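J.: Quick one: this structure, given as structure tokens, is what I'll be asking you about.
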Amino acid sequence: MNKKLIISMLILFLFMPSIFAETIILKSGKTIDGKIVERTRKSVKVDIDGIPITYYFDDIESIDGKKTDSSALPESIVAQISEKSSPPFTESFVNKKWGYSFKYPATWEKIPNGERQKGMAMGLRLKEFPELTIELQRGEFPDDAIEGKENLRQLVDTMLRPTNDKIKQEAIEPITLSGEPGYHVVNTFKKAVIATGGNQDNGMPTMLVTYIMDSYFVSPVFSSNEKDKRFFHIQMRYELYQRPDDYVNGVKFNDELTNSLLERNKIIEKYLPQAKEIINSFQFFAPANSDPDSN
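Numbering of the sequence shown is given in the numbering used here, commencing with residue 300 and proceeding in unit increments.
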């Protein structure tokens, strides 16, 4: 082969954008292989089998063998982050009885009592796209739940373990939220939906929808020597659609329907960073038991 051609191909290979998965080593020792699809100053979003999962630099040891430093991002990435900056967080939710609060933009609204998931004490949803929600469950661990447990991970495993074999646990990683240790748990559930606009028949083309339950669990129960038994479970829920081939068994997809479903993915991707900021605004403090519940 011509020597110049070999050199040209080598240069092209060296400078072409990476299309392969990156290897991320977490501080917990776990290895993640996936394509990084977005970076911010605080985190990276990794595509794992079509599911975007966010990992924070505080929890990452290295990416492709290089130590992470969230303060040293390239200027081009910093510019992209600035373009995606969230609107000001002008609204707040404060519950003095249980001792916690959130801040959020005016583009989000509180979810009324009757419209929240069962067991959730408060919730927020995006006005433009109400299917993207953030809800909070709070409570106190009873003594028998703590008995025999040595750490928060054991309690999290008990509370957030998948309830059936159709739910897959994609990730469970240690985090820090409001200055206290906690865990980030991602559970998913996949289901096929009809993509022709008609009734379901055998052989009709379908789309795969992935229901994502992105949970953040924090409790001071062990850091306070079991004096503070409160726990807070913050869950973000959303759906992502995947479209297979245009034809299945000779039946064409309903383009209008499939395009509208795929458009939902773009909205989710646009607002996920903002939802993460809302979760990161969570604060908890000493409860004022004499004050009424602000729910």
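From the three backbone atoms N, C-alpha and C, an ideal C-beta is built for every residue, glycine too. Here the structure is a predicted model, which is why all the values come from computation and not from measurement.
#1: For my contact list, GLU434 and ARG460 are in at a C-beta cut-off of 8 Å; report their separation, rounded to the angstrom.
#2: Going along the chain, which residues of its own chain have a beta-carbon closer than 6 Å to the beta-carbon of LEU454, five neighbours each way excluded?
#3: Is GLN541 helix, strand or coil by DSSP?
#4: What did DSSP end up calling LYS365 once you bin it into helix, strand or coil?
#5: Note down the Cα distance separating MET249 from LYS396, rounded to an integer number of angstroms.
#6: Specify the secondary structure class of LYS409 as computed by DSSP and reduced to three states.
#7: Considering just the uninterrupted stretch of the beta strand (DSSP E) at LEU476, what are its terminal residues?
#8: Please state if the CB of GLN541 and the CB of LEU571 are separated by a distance shorter than 8 Å.
#9: Checking 8 Å against the spacing of the C-beta atoms, do ALA574 and MET535 come in under that value?
#10: Taking 8 Å as the threshold, find out whether the segment 483–490 comes into contact with the segment 335–343 through three or more Cβ pairs.
#11: Name the residue from GLU562, ASN579, LYS467, ALA585 whose alpha carbon lies nearest to the alpha carbon of PHE428.
#12: The beta strand (DSSP E) spanning MET421 covers which residue range?
#13: Can you have a look at PHE440 and say buried or exposed, based on whether 16 or more other CB atoms are within 10 angstroms of its CB?
#14: Could you tell me the distance, in whole angstroms, from the CA atom of SER327 to the CA atom of GLY398?
#15: Among residues of its own chain, excluding the 5 on either side of GLN284, which ones have a beta-carbon nearer than 6 Å to its beta-carbon?
#16: Straight-line CA distance for ASP545 to LYS490?
#17: At which residues does the beta strand (DSSP E) containing ARG338 begin and terminate?
#18: Just to confirm my understanding: we take GLY333, look at its own chain, exclude 5 residues before and 5 after, and list those with CB closer than 6 Å. What are they?
#19: For ASP527 versus PRO519, is the C-beta spacing smaller than 8 Å?
#20: Taking the alpha-carbon positions, what's the ASN558 to ASP443 distance?
#21: Rounding to the nearest angstrom, what Cα-Cα distance links ALA585 and ARG424 in this structure?
T.: For this structure:
#1: In fact, because the Cβ distance is near 19 Å, the residues do not count as touching under 8 Å.
#2: Around LEU454: LYS448.
#3: Residue state, collapsed to three classes: strand.
#4: DSSP places LYS365 within a strand segment (E or B) once states are collapsed to three.
#5: Absent from the model: residue 249. The displayed extent of the chain is 300 to 594, so no value can be given.
#6: Of the three classes helix, strand and coil, the one that applies to LYS409 here is strand, per DSSP.
#7: Residues 466–476.
#8: At the C-beta level, LEU571 and GLN541 stay beyond 8 Å of one another.
#9: Contact: yes.
#10: Under the 8 Å Cβ criterion, the segment 483–490 does not count as touching the segment 335–343, having fewer than three qualifying pairs.
#11: The candidate whose alpha carbon is nearest that of PHE428 is GLU562.
#12: For MET421, the uninterrupted beta strand (DSSP E) run begins and ends at 421–425, by DSSP.
#13: By the neighbour-count rule (16 or more Cβ atoms within 10 Å), PHE440 is buried.
#14: The straight-line gap from Cα to Cα measures roughly 30 Å.
#15: Here the chain covers residues 300 to 594 and nothing more, so residue 284 does not appear.
#16: Reliability fails at ASP545, whose pLDDT of 49 lies under 50, so the model's placement of it is uncertain and no value is given.
#17: It spans 330–338 - the beta strand (DSSP E) in which ARG338 sits, taken as one unbroken run.
#18: Counting only Cβ-Cβ distances below 6 Å, and skipping sequence neighbours, we find ALA320, VAL345, ASP346, ILE347.
#19: In contact: ASP527 and PRO519 (Cβ atoms closer than 8 Å).
#20: Answer to the nearest angstrom: the Cα atoms are 51 Å apart.
#21: Taking the straight line joining both Cα atoms gives about 27 Å.
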